[in-house]
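Trainee:
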Amino acid sequence: MVDDRIYEVFREIGRDLYVGNMISSHGGNLSVRLGDRVIIKRRGAMLGCLKPHDLVETRLEKNDSGVALASTELLVHRAIYKQTPALAICHCHPRTAIAFSLSRDELVPVDNEASYLLKKVPVVTEEFASGTPQMANKVAAALENYKIIMLRGHGSFAIGQTLDEAFHWSSTLEESCQIELAAKMINEPFIEYRGMSDAYPTF
Amino acid sequence: MNGWNGKILAIDLTNQTYEICPLDMEIARLFIGGRGLGARLLWDMVGPDVDPLSPDNVLIFTNGPLTATGYQTSNRFSVSTKSPLTGTVLDANSGGFWGMQFKKAGYDALVVRGKSEKPVWIEIKNEEIIFHDASDLWGMRVFAVTEKLGQKKNKRNVLCIGPAGENLSRIAAIMNDRERALARGGPGAVMGSKNLKAIVVEGKNRTPIEDPDRFKFMLYETRKLLSASPLTSQALPEFGTVVLMNIINDIGALATRNHQQTQFEGAEAISGEELTEKYLVKNAACWACPIACTRISKTDKVEGEGPEFESTWAFGAQCGIDDFPAIIEANNLCNDLGMDTISAGSTIACAMELSEKGYMDSDLRFGRADQLASTLESMAFRQGIGSDLADGSLRLATKHGHPELSMSAKGLEFPAYDPRGMQGQGLLYATSNRGGCHMRGNMVGPEVLGLPKLIDRFQVQGKSSFVILHQNVSAAIDSLVVCKFTNLGVAEEYFARVLSAVTGVHYSTGELIKVGERVWNLERLYNLREGFTRKDDTLPPRLLNDAPADGPSKGWVVQLEPMLNEYYQGRGWDENGVPRPEKLAELDLADLVERN
Numbered sequence: 012m013v014d015d016r017i018y019e020v021f022r023e024i025g026r027d028l029y030v031g032n033m034i035s036s037h038g039g040n041l042s043v044r045l046g047d048r049v050i051i052k053r054r055g056a057m058l059g060c061l062k063p064h065d066l067v068e069t070r071l072e073k074n075d076s077g078v079a080l081a082s083t084e085l086l087v088h089r090a091i092y093k094q095t096p097a098l099a100i101c102h103c104h105p106r107t108a109i110a111f112s113l114s115r116d117e118l119v120p121v122d123n124e125a126s127y128l129l130k131k132v133p134v135v136t137e138e139f140a141s142g143t144p145q146m147a148n149k150v151a152a153a154l155e156n157y158k159i160i161m162l163r164g165h166g167s168f169a170i171g172q173t174l175d176e177a178f179h180w181s182s183t184l185e186e187s188c189q190i191e192l193a194a195k196m197i198n199e200p201f202i203e204y205r206g207m208s209d210a211y212p213t214f
Numbered sequence: 247m248n249g250w251n252g253k254i255l256a257i258d259l260t261n262q263t264y265e266i267c268p269l270d271m272e273i274a275r276l277f278i279g280g281r282g283l284g285a286r287l288l289w290d291m292v293g294p295d296v297d298p299l300s301p302d303n304v305l306i307f308t309n310g311p312l313t314a315t316g317y318q319t320s321n322r323f324s325v326s327t328k329s330p331l332t333g334t335v336l337d338a339n340s341g342g343f344w345g346m347q348f349k350k351a352g353y354d355a356l357v358v359r360g361k362s363e364k365p366v367w368i369e370i371k372n373e374e375i376i377f378h379d380a381s382d383l384w385g386m387r388v389f390a391v392t393e394k395l396g397q398k399k400n401k402r403n404v405l406c407i408g409p410a411g412e413n414l415s416r417i418a419a420i421m422n423d424r425e426r427a428l429a430r431g432g433p434g435a436v437m438g439s440k441n442l443k444a445i446v447v448e449g450k451n452r453t454p455i456e457d458p459d460r461f462k463f464m465l466y467e468t469r470k471l472l473s474a475s476p477l478t479s480q481a482l483p484e485f486g487t488v489v490l491m492n493i494i495n496d497i498g499a500l501a502t503r504n505h506q507q508t509q510f511e512g513a514e515a516i517s518g519e520e521l522t523e524k525y526l527v528k529n530a531a532c533w534a535c536p537i538a539c540t541r542i543s544k545t546d547k548v549e550g551e552g553p554e555f556e557s558t559w560a561f562g563a564q565c566g567i568d569d570f571p572a573i574i575e576a577n578n579l580c581n582d583l584g585m586d587t588i589s590a591g592s593t594i595a596c597a598m599e600l601s602e603k604g605y606m607d608s609d610l611r612f613g614r615a616d617q618l619a620s621t622l623e624s625m626a627f628r629q630g631i632g633s634d635l636a637d638g639s640l641r642l643a644t645k646h647g648h649p650e651l652s653m654s655a656k657g658l659e660f661p662a663y664d665p666r667g668m669q670g671q672g673l674l675y676a677t678s679n680r681g682g683c684h685m686r687g688n689m690v691g692p693e694v695l696g697l698p699k700l701i702d703r704f705q706v707q708g709k710s711s712f713v714i715l716h717q718n719v720s721a722a723i724d725s726l727v728v729c730k731f732t733n734l735g736v737a738e739e740y741f742a743r744v745l746s747a748v749t750g751v752h753y754s755t756g757e758l759i760k761v762g763e764r765v766w767n768l769e770r771l772y773n774l775r776e777g778f779t780r781k782d783d784t785l786p787p788r789l790l791n792d793a794p795a796d797g798p799s800k801g802w803v804v805q806l807e808p809m810l811n812e813y814y815q816g817r818g819w820d821e822n823g824v825p826r827p828e829k830l831a832e833l834d835l836a837d838l839v840e841r842n
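In order, the protein sequence lines correspond to chains A and B.
Using the numbering used here, you'd call the opening residue of the first sequence number 12 and step up by one each time.
Using the numbering used here, you'd call the opening residue of the second sequence number 247 and step up by one each time.
(1) Going along chain A in order, which residues have a C-beta closer than 8 Å to the C-beta of B:Q318?
(2) Any idea if B:F741 is buried or exposed, counting beta-carbon neighbours within 10 angstroms, 16 or more meaning buried?
(3) Could you name the residues that DSSP lists as bridge partners for B:T327?
(4) Going by C-alpha to C-alpha distance, which of B:D834, B:N822, B:G818 and B:A831 sits closest to A:L71?
(5) In chain order, what residues of the region 442–471 of chain B put their CB closer than 7 Å to some CB of chain A?
(6) Identify whether B:P692 lies in helix, strand or coil by the three-state DSSP scheme.
(7) Using beta-carbon positions only, say whether B:I417 and B:D297 come within less than 8 Å of one another.
(8) Distance check for A:P212 and A:K131, CA to CA, integer angstroms please.
(9) Looking only at C-alpha atoms, which of B:N578, B:D568 and B:E514 sits nearest to B:I542?
(10) Taking a cut of 9 Å between CB atoms, which residues from the region 711–727 of chain B lie near chain A?
(11) Check whether the Cβ atoms of B:L331 and B:G408 lie closer than 8 Å to each other.
(12) Determine whether the beta carbon atoms of B:M598 and B:L583 lie at a separation below 8 Å.
(13) DSSP state of A:L41, grouped into three classes?
(14) Taking only three categories from DSSP, how would you classify B:L635?
(15) Take B:V748 as the anchor and find which of B:G310, B:V304 and B:D290 has the nearest alpha-carbon.
(16) Taking B:E551 as part of the beta strand (DSSP E), name the residues at either end of that continuous run.
(17) Is the Cβ of A:M161 closer than 8 Å to any Cβ of chain B?
(18) Restricting to Cα atoms, I'd like to know which of B:M464, B:A590, B:K350 and B:F343 is closest to B:L405.
(19) Can you tell me where the alpha helix (DSSP H) with B:P433 in it begins and where it stops?
(20) Per DSSP, which residues does A:E68 bridge with? Please list them.
(21) Leaving aside the five residues before and after B:N773 along the sequence, list all residues of the same chain whose C-beta is less than 7 Å from its C-beta, in chain order.
(22) Is the CB-CB distance between B:L726 and A:P96 below 8 Å?
(23) Report the three-state DSSP secondary structure of A:T143 (helix, strand or coil).
(24) Tell me the residue span of the alpha helix (DSSP H) that contains B:M464.
(25) Do three or more CB pairs link the region 180–199 of chain A to the region 314–326 of chain B at distances below 8 Å?
(26) Is there a Cβ of chain B sitting closer than 8 Å to that of A:R44, yes or no?
(27) Can you give the beta carbon distance from A:L61 to A:R22, rounded, assuming they're within the 8 Å contact cut?
(28) So what does B:E448 bridge to, in DSSP terms?
(29) Determine the chain A residues that contact B:D702 at a beta-carbon separation under 7 Å, and present them in chain order.
(30) Given a cut-off of 8 Å, decide if B:M668 and B:A499 are closer than it, judged by their beta-carbon atoms.
(31) What number of angstroms, rounded off, separates the C-alpha of B:L925 from the C-alpha of B:L768?
(32) Have a look at A:S112, A:N198, A:V150 and A:A152 and flag the residue whose alpha-carbon is nearest the alpha-carbon of A:R163.
(33) I'd like to know if B:P698 contacts chain A, where contact means its C-beta is closer than 8 Å to some C-beta of that chain.
(34) Nearest-angstrom Cα distance between A:M12 and A:P144?
(35) Would you verify that the beta carbon of A:L129 is, or is not, closer than 8 Å to some beta carbon of chain B?
(36) Let me know the beta strand (DSSP E) ranges lying completely inside the region 62–109 of chain A, each 3 residues or longer, listed in chain order.
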């Protein structure tokens with residue numbers, strides 16, 4: 012039985028992802044790690060209006076009946092938990108960031124907030140970009156060094172100690188990409204205002 | 247590999263000899279330095295047959311690859327030994343200047359074993375090691391010894407014990423740079439048992455850095471982050487750690503009168519605001535630290551460093567005392583006597599409760615500020631009832647038939663946070679390898695300050711995951727070694743990057759935290775080898791059964807059992823708290839256990 016406090020956090024962040032245009036009606040997923048267990052969104056559930064029964068609890072290391080109900084992305088969530096110190100994962104489909112991921116191998120923010128918080132977001136490529144072991148391994152490996160990464164053409168995976176934190180990185184990335192898009196539309200020369208920003212790609 | 251010196255100085259006090267040994271670089275990669283390196287060396291050197299106060303125990307002083315590089319707070323160092331207070335593995339770390347100087351002397355670790363026939367002090371000037379007769383220093387207090395041996399801020403630094411260490415008080419600290427302390431668990435008594443009064447270091451070496459450009463970038467980013475955090479740029483510089491007094495009291499988690507209450511009516515009078523307004527002379531900083539949380543405070547009688555939050559609490563709320571000058575003077579006296587302020591204050595509080603309830607024949611009473619100084623003196627010199635108090639609250643309370651009145655875990659007195667108002671802190675205290683301690687994954691970050699994000703402090707389900715992660719991160723930071731306060735503004739990913747830049751060995755964030763997990767498990771194995779079991783991962787009955795009658799934590803006790811079960815599972819340990827073979831293999835510890 013999932014604690015009401017934990018459900019409440021899933022419900023609120025799931026709603027904010029949908030309202031914030033970070034997912035479609037049935038897209039994205041959230042999970043948290045509780046020791047050797049994982050609580051993850053039920054497959055097909057709508058993050059924007061989660062009910063208590065939409066949260067599924069399963070094992071981290073091996074299967075149990077929970078896997079029959081869990082999100083199709085359970086594999087990548089498990090891989091991330093096994094390879095990183097993450098206690099929470101936010102996977103969503105931020106539209107502008109996805110658009111930039113189609114043409115770039117890394118997203119280096121130009122705005123202050125994302126420069127401060129993220130420095131650089133690598134873009135990972137995988138032909139079968141959903142639910143496969145290959146994709147799970149690539150995403151998890153990238154998250155060993157970064158708190159948020161983009162899967163090209165698919166979406167972002169962010170990790171944190173809490174869902175709140177992982178959501179923070181996700182929304183910061185999308186906001187940053189929207190600012191860069193707006194700047195490109197203005198199409199005027201960029202005036203550098205940050206110190207040592209030329210080192211960001213090495214982060 | 248850069249960062250490490252690649253050398254260990256091993257001193258035998260019995261014969262007054264020394265040798266310089268190579269550091270095993272595979273051990274360095276796996277355990278880094280500081281607490282991790284100390285635990286790894288201690289595992290091989292001190293087994294369960296060794297009495298902590300015998301010549302066979304060792305003192306292992308360690309620094310880390312970041313020490314003395316100039317990275318923010320890269321001044322800290324660590325001591326590892328078997329604790330005479332708890333019998334557990336022990337490490338304690340300290341700031342100031344000595345650690346930086348010790349690294350510049352050219353060593354990653356200093357191992358001291360044996361026992362000198364007469365009092366001795368050691369002078370280390372790079373490869374020149376000199377043993378001096380310390381007969382004239384024996385009996386002297388810390389401030390006097392530090393001055394006499396020529397303490398000079400960035401040039402020559404003194405580490406010593408005071409009367410408490412000489413008299414084998416099990417809560418004696420090792421002091422450095424006059425007022426910094428390797429405090430917890432009684433390392434000062436181990437040094438006293440070896441007749442070692444002081445170690446003075448002078449060094450000339452610079453620590454080479456593998457990737458200076460990347461290092462410079464990390465320095466820049468860290469400075470930016472520490473400047474941006476209100477905690478590290480405003481709260482700590484302006485109020486010191488005592489800024490926590492009102493915050494912790496307001497949420498009903500300030501242990502009061504030996505944990506009989508969870509709020510103190512006199513908290514405002516001993517708050518950070520009060521300290522700054524009435525007693526602060528100026529703030530000060532350890533080497534290479536931009537935070538500058540150190541207080542230089544003054545009363546009519548004394549002027550000196552401190553007090554920290556925990557010391558203020560220990561002599562304040564825990565003893566029912568709101569007389570700030572008396573607290574500052576008690577803190578100052580503890581520094582001069584060389585004694586752990588947390589254990590000293592909490593042991594006095596325990597004696598006050600024992601006395602008030604008629605279990606102990608003394609006139610100690612809660613609220614009696616006038617009794618602090620004389621009691622501390624009697625403890626350091628083992629006079630009268632002070633002789634019993636000198637060995638900590640658990641031995642004291644047990645002697646008087648009421649061990650349950652010792653507010654400790656594994657015999658180490660708790661700090662200020664009453665875990666009935668912070669469930670995670672309760673689990674942390676119960677599982678901390680050196681006993682009841684907040685510096686082994688302090689949950690005040692996530693449960694109170696919202697770092698990195700606020701979690702429900704009364705939540706039980708899932709809380710163990712946070713405790714495990716914070717314990718691992720804490721062990722990693724202690725192995726670098728840097729100050730945990732940097733982690734208030736700088737996330738672990740920065741530490742991993744700066745470590746990689748300095749050493750040339752790539753550490754991902756996950757790999758750095760894995761080092762912390764490895765250290766934690768090795769410490770656990772050490773305690774298991776000493777005979778500790780699941781039954782020792784517990785708290786006093788008061789915290790498990792007696793809910794506060796009022797205040798914000800009203801009705802709550804620590805829900806330890808469900809959290810502990812979840813904790814063991816999350817750690818990959820069996821139901822008795824023993825690491826499973828697959829976990830040991832994952833952490834590269836399996837061979838170590840098999841060889842043992």
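All C-beta atoms in this analysis are idealised placements derived from N, C-alpha and C, irrespective of residue type, glycine included.
Please read these numbers as outputs of a predicted model, since none were measured by experiment.
Mentor: On the basis of the data shown:
(1) Under the 8 Å cutoff, chain A gives no residues; its nearest Cβ is about 16 Å from B:Q318.
(2) When all chains shown are included, B:F741 counts as buried.
(3) B:L336
(4) Relative to the Cα of A:L71, the nearest Cα in the group B:D834, B:N822, B:G818 and B:A831 belongs to B:G818.
(5) R460, F463 and Y466
(6) B:P692 carries a helical assignment under DSSP once its states are collapsed to helix, strand and coil.
(7) no
(8) 6 Å
(9) Checked all of B:N578, B:D568 and B:E514; the closest Cα to B:I542 is B:N578.
(10) S711, F712, I714, L715, H716, N718 and V719
(11) B:L331 is not a Cβ neighbour of B:G408, given a cutoff of 8 Å.
(12) No, these two residues do not count as a Cβ contact at 8 Å.
(13) strand
(14) helix
(15) Of B:G310, B:V304 and B:D290, the residue nearest in Cα terms is B:G310.
(16) E549 to E551
(17) Chain B, which has no Cβ nearer than 8 Å to the Cβ of A:M161, makes this no.
(18) B:F343
(19) According to the DSSP assignment, B:P433 belongs to the alpha helix (DSSP H) that extends over P433 to S439.
(20) A:I50
(21) T334, V335 and N679
(22) no
(23) coil
(24) From DSSP, the alpha helix (DSSP H) with B:M464 extends over P458 to A474.
(25) no
(26) yes
(27) 5 Å
(28) B:K371
(29) R16
(30) yes
(31) For chain B, the structure presents residues 247 to 842; residue 925 of chain B sits outside this window and is missing.
(32) Closest option to A:R163, Cα to Cα, is A:S112.
(33) yes
(34) 29 Å
(35) Chain B contact via Cβ: absent.
(36) The region 62–109 of chain A contains these whole beta strand (DSSP E) runs: 66–70 and 99–103.
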